[in-house]
Each structure stands twice: as structure tokens, then as C-alpha cells.
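Taken in order, these protein sequences are the chains called P and V.
The numbering used here applies: residue 1 is where the first sequence begins, and numbers increase by one.
The numbering used here applies: residue 1001 is where the second sequence begins, and numbers increase by one.
Built from N, CA and C at the ideal position, the CB exists for glycine as well.
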Amino acid sequence: MTAVAQSARPRRRSAAARAVRSFLRNPAAVVGVVFLASALAMALAAPWLYPEDPLSMVARPYLWPGQNPRYPLGTDSLGRDVAAGVVWGARISLLVGFSAMAIGVATGILVGSTAGYFGGWIDDLLVRVMEVFQTAPAFLLLIVLVAILSPSVDAVIFGIGVVTWPTIARLVRAEFRAIREKDFVTAARGLGYGHARIIFVEILPNALPPIIVTASVMVATAILMESALSFMGLGDPNQISWGSMIGSGREALRTAWFLTAIPGVAIVVTVLALNLIGDGLNDALNPRLAERE
Amino acid sequence: MADTRRLLRVLRRTLLQAVPTVLGIVVLNFFLLKLAPGDAADVMAGEFGAATEETMAMLRRQFGLDVPLLQQLLGYLGTLASGSLGFSPRYNMPVADLIGQRLPGTLLLMGTSIVIALALGVLIGTLMAMTAGRWPDRVLSVTTQFFYSVPGFWVGLMLVVVFSIKLGWLPSGGDRTIGASLAGIDLVLDRLRHLILPATSLALFYVAIYGRLTRAAVLEVSSQDHVRTAAAKGLSPVAVTARHIVRNALIPVTTLAGIHFGGILGGAVVVETVFSWPGLGRLAFESVMRRDFNVLLGVLLLSSLLVIIANTVVDLLHAWLDPRIEVR
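And the structure:
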């Protein structure tokens, strides 16, 4: 019995090494990593690159990109530096994206593993709760949540976490139902391990690959949701974000479309990077699937 | 006969399962909205500039906001049970009428988007699968990745820049030309011209999903025996693809189309904002801002019902297409 438990570990490590190698051989995934790393670097370097508040007026309004070398991406209707906004906006987007994903994944794992591991009436009840959340249109629910909590970065993160956790919960539940009958789980139970230990130490690591793939896509979804919220004026009013830049640029769409275009490109590049990484992870963690294609 | 009975059984089970879900949604939404700081009376008082305590108390009594929470919930459930969605003090009309005015616009927008997404998605996916690994597949796969990563509202704005502002071909907002008295074919064309940009911006994300899904499904089906048989009996590659592969590959695609209904509805809220499209999404957004909770509860309930209906239709479709599928 201990042999079963022990032999699982080294195999897992070599599988991880193979996955990393296969991921790095995938050019699209590497491009994704490079893009995401640049966005992260931009977010981290924002206070040094643009120490001034990105919401402050610094120059003549409506400077086009390239018109004044001090403001390479131009200025908006209030004379705010677009380049500073893009750099500071990366902070909010990535912060919201990763934090909301963390909340969603943590809740989803807790609920999904409880439902899948214990089964019975707990499972029935939790599946009902998931169904309620999945039936109500997520973005509408999110608008309501954020409006109720009054718009702030925390409210946006919390709201996105609340509307996205059922995706992970469903996945984790399905994985747990499949894994809980396997021999090594029976063995662990026979050794008298507690439920918590079996759930988190024995089953969860084996269910991780699909969770990791879904999590990377969830970051992308969260960034898209944040941008849509702040575009509609439900973002944090004291923080500049790509979505709010598009929202205010929209008013000058006829005369200065670059104000809308530039932050949009930033969103697309970041989200694209995350999706490419998600695809790469999917191929790397499902070797069987990758070989077939 | 046996078929009909089977479908009816499926239908009854799905509807029975939907009852607790809908009830859960109503209760969840109700308490969520009651947690909100401020009610309709506060917002109205704010808009008037000032209001005395007496006016506020009167407004609250009028809106039924002065009784305990549980009583309000029971009252609301009672209203629903009598087949009504309640009354909106802000618009001074029944919620059902208000929603009835906006629903067709949203359904038209969503329906057009789903048709665009499915048609383009299945086409692109089939093309990708047929050229798997070669350059058309690569190019299309990058294109779908791009569609998948683009925020719908931003695509909408960029389409407006190109097609409305620069080229002047299509209108930039609204659902019809205001003040024009059109009839017959002109009316239909006018509506279509207003529909193209919003429906396209809403559809692109789903074009990507269906494209990728179709590619995978077509590749999967292509390796099955009945396809080899069809090719062996001398059918042309086009006939094999259209009749034997794509048809089978459609099953997973339509399943997702049902699941995505709620997502498309959420996306419609943002796209309706961009194009000032008079739909349900705008109504929901406005009622959040005005704390007009009867309207909001109505919209949330109705949209959940629409999601349930869409999923039921898909389930039935599958049970009919493929008798082996036991409905969940």
C-alpha cells in the first residue's frame, strides 16, 4: 500500500518536467509568456516609469501619438498622458485578473472537492447552488454585485470571483468523482488518513492539470470582465484602467479614435497572451491529445 | 409515438428540475438587492434635490419598502405566483410591459449573433480541420485566437470607427432610423443595417469558440468508421464532409450554443451600451443605477428562464437527434 503512495510521487515529478519541456517547445505558448511577462514588467515598473498620478493633467488635450515625443501615445480630452494610463492600467488589469482567479479557483476547489468527494446529499445541494449561479447570466449578476458593493477594485475582484467559481467547481467535482474510486485513494483510506488529507494531499494533485489550464483562461476572462465593467463606468473611479480609458475615449471617437484604440490593443495583447499560455498548458498537460493532432 | 413519449418524459424532468433553480435564483437575487445601500426612494430624493423625512416615508410606503424583509420577499413571491412581475414606480408601468417592450430588441440581437457565430464558426472550423497542420489552418487558428481575446465592446467601437465614421456605410447606433417612415422592404433593410455592427461585435467571441470546437469535432469524427465507409463507396470529399462529418460534429457545437445563451445575454448588456440599442441589457443597467429593483428582479428572472429554455431546447434536440443520449 505504501508502495502505491510512494511510486506516485516521482512519476508526477517527471510528468511535470515533460510538461514544461513540451510547453517550451510550443512557439505560440512562448510568445504568450513573453507578452505576459512584458505586461507584468510594465505593471511593476509603473511607479518608476510614470511617478506622477496617471489621472493628472500634464499637457495640452488631444495630442495625437507621435505629435510630441514626450507623450508618445498622445494625450486624452483632459490632457492626461495615454502612455502613463496604459502602463498604470496594466497594474489594475493584472491585479484584478489574478486575484479574481485566485478567489474563483479557491472557492471552486473547496466546493467542487466537497461535492465530488462526499457525494450524497451534500453533492445534491452544492450542485443546485452551482446551477443557480450558472443559470443567472454571469455578467448581469456581476453588474448588480459591483453596483451594490459600490465600485472599487476590491468589489470588482470579489464580484468576478463570485460569478466565476462554478466553472472550477464543476470541473473539480467531475475530477474528484472519477478519482475517488481509484486504488490509491482506497489505499489511503485504508491507512486511516483523514478526509482533508485525502482530499488535498492525495486527490487534488492528480486533478491539478485541468484546473491549471482553466485557471489561466479564467485570468483572461476576469481581465475582459473588468474592462467591460470599467468601460460601463462601474470600475474604481480613483484608478485608471484600460476599460475606463476606452469608456472616456469613446466620447471623442469621431475626432480622436486613438484614445479608444490604444487601451484596447493593450487588453487584446494581454488576454491573447493568457489564452496562448492556456492552450500551451492544455497541450503540454494532455500529451495524449497533443500527439493526436 | 415512442419518440414523442420519450421527449415528453425528458421535457417533464427538465422542467421539474428547473423549479428549485428558479426559486433559488429569485431568493438569491432578492436578498442581494436588499443588501444594496440605498433604495428607490433614496435615488428619487437625490434626483429631486432634497426630500423631507415625511416624503421619504411616503415614497417607501408607496413602493412597499416599509415592511419587514421576509414579508417583502413573500409579497414578491406572491406577485410572481399570480403571474405578474410587479410594478415599476420609476417608469410608472407594470414590469412585464416594460420588459415586453425591450425583449424583442435583445432577442433579435442575440438571435442574429448566434446565427452569425454558428455559421461562421462551423465554416471556419471545418476549413481548419480539412487543412489541419497546413497554412490555412495556422492562419485561421491565429485569427480565432484573436477573436477569442478581443473585448466585444472594443470591437464594436472599432467597427464604428471604420464603417460609420471613416466609410459612412453603416449607422453607429440605435435600432432604426429615427423619424423615417419606412415600410416594406425598406424597413427591413433599415433594421438590418442597424443590426450588422452590434450583432457582429457580439458574435466574434463565439465565432472563435465554435470554430475551435468544430475543428476538434470534425477531426474526431473524420477518423470514425462510417466516414471511411462513405469515402470507400465513392462519395466525393465534399459530400463526405458535409453529410457525414460536419453533421455529426454539430452535436457538441449546439450543446455549447445552449450553454452560452447566458453569456451572450451578458455580452449584450455591454454591446447595447455601445450601440445605444434599446434592449433588456440597457434596461437592467439603468434599473441598477436607479435602484428600481422590481424591474431588475424581473430582468434577472426572465433571463434565467431564457437560459433554462435554451438548454431545454438543446437537450430535446439532442434526444431527438441521437436516441443514445440519455438526458442528464
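For V/Tyr1091, no alpha helix (DSSP H) encloses it, and the DSSP letter there is neither H nor E.
8 Å or more divides the Cβ of P/Gly120 from the Cβ of P/Ser216. For P/Asp183, the secondary structure class from DSSP, reduced to helix, strand or coil, is helix.
Cβ-Cβ distances below 6 Å link V/Phe1147 to Leu1204, Val1207, Ala1208 in the same chain, with the five nearest sequence neighbours on each side left out; the list follows chain order. Rounded to the nearest angstrom, the gap between the Cα atoms of V/Thr1112 and V/Ile1264 is 11 Å. Check the Cα spacing between P/Ile240 and each of P/Leu36, P/Ala29, P/Ala83, P/Pro61: the tightest is with P/Ala83.
Going by DSSP, P/Tyr193 is part of no alpha helix (DSSP H) at all; its letter is neither H nor E. Apart from the 5 residues on each side of it in sequence, P/Ala147 sits with its Cβ closer than 8 Å to the Cβ of Leu234 in its chain, given in chain order. Annotated three-state conformation of V/Thr1131 is coil, per DSSP. Near chain V, meaning a CB-to-CB distance below 9 Å, the residues of the region 124 to 142 of chain P are Arg128, Val129, Glu131, Val132, Phe133, Gln134, Thr135, Ala136, Pro137, Ala138, Phe139, Leu140, Leu141, Leu142. For V/Tyr1210, the uninterrupted alpha helix (DSSP H) segment begins and ends at 1184 to 1222.
Counting along the chain, no alpha helix (DSSP H) covers V/Val1161, and no H or E run does either.
Boundaries of the alpha helix (DSSP H) harbouring V/Asp1225: 1225 to 1232, taken from the DSSP string. The continuous alpha helix (DSSP H) containing V/Asn1248 extends over residues 1247 to 1259. Contact between P/Val144 and P/Leu95 does not hold, since the beta-carbon distance rounds to 22 Å and is not under 8 Å. Rounded to whole angstroms, the gap between the alpha carbons of P/Glu181 and P/Tyr193 is 15 Å. The DSSP-derived three-state label of P/Thr107 is helix.
Note that the C-beta distance between V/Val1188 and V/Gly1258 is not below 8 Å. In the DSSP assignment, P/Pro65 falls outside any alpha helix (DSSP H) and carries neither an H nor an E. Contact annotation, V/Thr1021 with P/Val132: C-beta distance approximately 6 Å; criterion of less than 8 Å satisfied. Between P/Arg189 and chain V, the shortest Cβ-Cβ separation is not below 8 Å. Distances from the alpha-carbon of V/Leu1098 to those of V/Val1307, V/Ala1284, V/Ile1308, V/Leu1317 put V/Ala1284 closest. Three or more Cβ pairs drawn from the region 1195 to 1202 of chain V and the region 1264 to 1282 of chain V lie within less than 8 Å of each other, which places the two stretches in contact. Here P/Ile160 has Ala100, Ala222, Met225 as same chain residues with Cβ atoms under 6 Å from its own Cβ, once five neighbours each way along the sequence are excluded.
With respect to V/Gly1279, V/Leu1159 sits apart: the two C-beta atoms are not nearer than 8 Å.
Annotation: V/Phe1275 has no Cβ neighbours in chain P at a cutoff of 7 Å; minimum Cβ distance is about 11 Å.
Counting of Cβ neighbours within 10 angstroms places P/Pro51 among the exposed residues, the total staying below 16. P/Arg173 and V/Thr1177 have their C-alpha atoms roughly 51 Å apart. Around the beta carbon of V/His1194, 16 or more other beta carbons sit within 10 angstroms, so the residue counts as buried. Taking 8 Å as the cut-off, the Cβ atoms of P/Pro54 and P/Arg80 count as close. In the three-state reduction of the DSSP assignment, V/Asp1097 falls in the helix class. Under the 8 Å criterion on CB atoms, V/Thr1255 is classed as non-interfacial with respect to chain P. Under the 10 Å beta carbon count, V/Ile1165 is surrounded by fewer than 16 other beta carbons and is classified as exposed. Secondary structure of P/Thr167 (DSSP, three-state): helix.
Within the model, the alpha-carbon separation for P/Arg60 versus P/Thr75 is close to 7 Å.
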